[in-house]
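Peer 1:
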Amino acid sequence: MEFMIDLDEYRLAVEVTHCADVKPDHTSWASDWDYYGYREMEFEVISGSSFDEDGNETELGRNGCAAVAEQYAEDIEDRLWSLIDEKREAA
């Protein structure tokens, strides 16, 4: 799945490469993860742009995308989960 995310001064094209949303199973004692459920995601920032105060756009390039992905990993993942949840609710 591919999503466009606006984050601070960046606009990022992000591809979700792995997504697991395991609901809790209170009858399972195999592990606490099975009992309580869990969510995990892997993603890759495939392209991006940054915008200055005047609205001028600059392409990030591969290294720039990697740096933004590392710096904002938690924020990106939070936004992705929100978009995925919205998509599921709309279906």
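Going by our numbering, the first residue of the sequence shown is number -8, and it counts up by one from there. Even glycine gets a Cβ: it sits at the ideal position worked out from N, Cα and C.
#1: Let me make sure I understand the geometry here. Which of H17, E35, A21 has the alpha-carbon closest to that of I67?
#2: Should the region 18 to 27 be called in touch with the region 44 to 55, which here means at least 3 C-beta pairs below 8 Å?
#3: Does the ligand ZN have even one heavy atom less than 8 Å from the beta-carbon of M32?
#4: If we count the other Cβ atoms within 10 Å of its Cβ and call it buried at 16 or more, is G46 buried or exposed?
#5: Counting along the chain, where does the alpha helix (DSSP H) carrying L71 start and finish?
#6: Less than 7 Å between C-beta atoms, sequence neighbours within five positions excluded: which residues of the same chain meet that for H9?
#7: So, helix, strand or coil for E28, using DSSP?
#8: For L74, which of E0, D(-1), V5, Y1 has the nearest alpha-carbon?
#9: Taking only the alpha-carbon atoms, compute the straight-line gap between Y83 and V13 and give it to the nearest angstrom.
Peer 2: Result, derived from the coordinates:
#1: Locating residue 67 in the sequence shown gives position 76, where the first residue counts as 1. Of H17, E35, A21, the residue nearest in Cα terms is E35.
#2: no
#3: The model on display carries no ligand, and the ligand ZN is accordingly not part of it.
#4: Stepping through the sequence shown from its first residue, residue 46 is reached at position 55. When all chains shown are included, G46 counts as exposed.
#5: Here residue 71 corresponds to residue number 80 of the sequence shown, with the count starting at 1. 64 to 81 is the span of the alpha helix (DSSP H), which, as asked, contains L71.
#6: In the sequence shown, the residue the question calls residue 9 occupies position 18. Excluding positions up to five away in sequence, the list reads M32, E33.
#7: Sequence index remark: in the sequence shown, residue 28 carries index 37 (1-based). Looking at the sequence itself, residue 28 is Gly, so the reference to Glu does not match. Three-state result, G28: coil.
#8: Along the sequence shown, one-based indexing puts residue 74 at 83. Cα-wise, what sits closest to L74 is V5.
#9: Outside the modelled stretch of the chain, which goes from -8 to 82, sits residue 83, for which no answer is possible.
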